[in-house]
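If you count by the numbering used here, then the sequence shown holds residues 1 to 141, one letter each, in order.
For glycine and all other residues, C-beta sits at the position ideal for the given N, C-alpha and C.
What follows is a short report on a single structure.
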Amino acid sequence: MKKCGCPYCNKGEALDKFGVLAFETETSEIIVFKDQHHKGRAIVAYKADHIAEIQDLSDEERNKFMADVADTAKSIQKAYHPDRINYGAYGDTLGHLHIHLVPKYKDGFEWGGTFVMNTNEYATEEELNMVVENIKNNFRK
């Protein structure tokens, strides 16, 4: 079921406000976040339906989704070598299952604290394209 206003279900302008669809797997959409204060920041969104909670997935669906999360994190690690990757699964205002992957760097922006959802300072199109390619080229390699 597609839910009106959901950027993950409806794509287009709603998604374009904050992200760029990098590529898809069988289960997920990997989206590069336009705010790149944390170089390599991405989102893994469940794509089959407008599912809000991870516990609403079957074991098989959950395992595939979490494999995509882990493989995206590995891609970010290979491409950008962060000291840590923070994971955020928030759904208070947007009820669609998605997980933020936020690379953190020692002595870098927000190290040791919770990441800000959006600073409203976006990377250039060229920078975003480079992040898309770096994550895509390192996915499941």
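Query: Across which residues does DSSP place leucine 21 in a beta bridge pair?; Result: Ile31
Query: Using the DSSP secondary-structure output, state which residues sit across from tyrosine 87 in a beta bridge.; Result: Leu101
Query: Give me the DSSP bridge partner(s) of tyrosine 46.; Result: Ser28
Query: Inspect the beta-carbon positions of threonine 72 and leucine 101 and report whether they are closer than 7 Å.; Result: yes
Query: Should methionine 84 be labelled buried (16 or more other beta-carbon atoms within 10 Å of its own) or exposed?; Result: Looking at the sequence shown, residue 84 is not methionine but arginine. It counts as exposed.
Query: Pick from Glu13, Ala22 and Phe18: whose alpha carbon is nearest that of asparagine 137?; Result: Ala22
Query: Along the alpha helix (DSSP H) that carries methionine 66, what are the first and last residues, could you check?; Result: 59-80
Query: Between the C-alpha atoms of phenylalanine 65 and threonine 25, what's the straight-line distance to the nearest angstrom?; Result: 9 Å
Query: Of the residues Leu97, Tyr8 and Ala123, which one's Cα is nearest the Cα of glutamine 55?; Result: Leu97
Query: Can you tell me whether arginine 41 is buried or exposed, with buried defined as 16 or more other CB within 10 angstroms of its CB?; Result: buried
Query: Please name the residue, chosen from Glu60, Ser28 and Ala67, that lies closest to histidine 50 on a Cα-to-Cα basis.; Result: Ser28
Query: Starting from the C-beta of proline 103, find all residues in its chain whose C-beta is less than 7 Å away, skip the five residues before and the five after it, and write them out in chain order.; Result: His38, Lys39, Gly40, Arg41, Ile76, Tyr80, Pro82 and Ile85
Query: Go ahead and pull the three-state DSSP assignment for leucine 94.; Result: coil
Query: Tyrosine 90 to alanine 52, Cα distance in whole Å?; Result: 10 Å
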